[in-house]
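The structure under discussion appears below in the form of structure tokens.
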Amino acid sequence: MFDAALRRVIDPPLDTMGRRVAAAGITADQITVAGFMCGVAAAAAIAFGAMAFAALLIVLNRLADGLDGAVARATQKTDLGGYLDIVLDFFFYGAVPFAFAIHDPAANGYAAAALLLAFYMNGATFLGFAVMAEKRGMKTDIQGAKSLYYLGGLAEGAETIAVFLAMCVFSESFAAIAWAFAAICVVSACARLILVTGMLRR
């Protein structure tokens with residue numbers, strides 16, 4: 006919900022940093038993979054109960070997620086880069102609830118499963134529309150310059166990361182946070198499904 010507004014604030018400094026990183030010979034794909042490894046490490050830290058360290062790694066993962074796009078804009082955007090960016094993001098998003106389930110299966114298992122289901126629904130409506138948008142030649146830059154059509158919703162990247170950080174800070178309340186965010190994601194997915202159905206009927 007807040008991603009488009011945040012992009013206007015964070016893109017200028019990221020683009021400056023991206024040009025410097027690109028000049029140093031570091032590629033966007035390298036940053037994408039490094040960020041993903043931070044995400045995997047964050048999930049491992051959660052599973053072992055190192056919540057403060059996990060929160061730091063989540064922040065680094067998100068910094069890399071913004072920086073790789075800035076480097077791509079400073080050099081050359083590629084289909085592979087866009088593919089890696091979205092796929093590894095989804096891997097990371099799924100890893101965090103799963104890690105909380107591993108950390109405390111009895112307290113967190115059902116809530117983590119509900120959140121993963123909600124993520125699956127959100128991802129399906131998001132990526133399914135991106136395919137149809139590409140087929141129809143639809144374009145948008147509301148979410149910044151992207152490799153695929155980004156159709157917003159109630160639960161986007163900014164909200165997801167804020168929730169992940171809250172889960173780390175208030176880990177004993179993971180289940181309550183996860184159930185609440187799962188409900189928001191389901192509403193977001195259903196709203197997107199209704200919106201896209203109307204768009205594709207035209």
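Take the sequence shown: its letter number 90 is residue 95 in this note's numbering, and every next letter is one higher. Built from N, CA and C at the ideal position, the CB exists for glycine as well. Since the model is a prediction, treat every value here as computed from it, not as a measurement.
Worksheet item: Does the beta-carbon of G203 have 16 or more other beta-carbons within 10 angstroms, so that it is buried, or is it exposed?
Response: exposed
Discussion item. Let me check understanding here. Comparing Cα to Cα, which of F41, R78, G44 and A57 lies closest to M22?
Written reply: R78
Practice prompt. Throw me the rounded Cβ distance for the F41 and F96 pair, which I believe falls under 8 Å.
Written response: 7 Å
Worksheet item: Would DSSP call F175 helix, strand or coil?
Response: coil
Discussion item. Can you find the residues in the same chain that come closer than 7 Å, C-beta to C-beta, to G71, ignoring five residues on each side of it along the sequence?
Written reply: I15 and L19
Item to complete: Let me know if F53 comes out buried or exposed under the rule of 16 or more other beta-carbons within 10 Å of its beta-carbon.
Response: exposed
Practice prompt. With distances taken Cα to Cα, identify the nearest neighbour of A27 among K140, A129 and G74.
Written response: G74
Worksheet entry | Y88 to L120 span [Cα, whole Å] | 24 Å
Item to complete: Tell me where the alpha helix (DSSP H) around I36 begins and ends.
Response: A33 to A52
Discussion item. One question on the structure: do P102 and A183 come within less than 8 Å of each other, judged by their Cβ atoms?
Written reply: yes
Discussion item. Please return the same chain residues whose Cβ sits closer than 6 Å to the Cβ of M56, not counting the five positions on each side in sequence.
Written reply: C173 and S176
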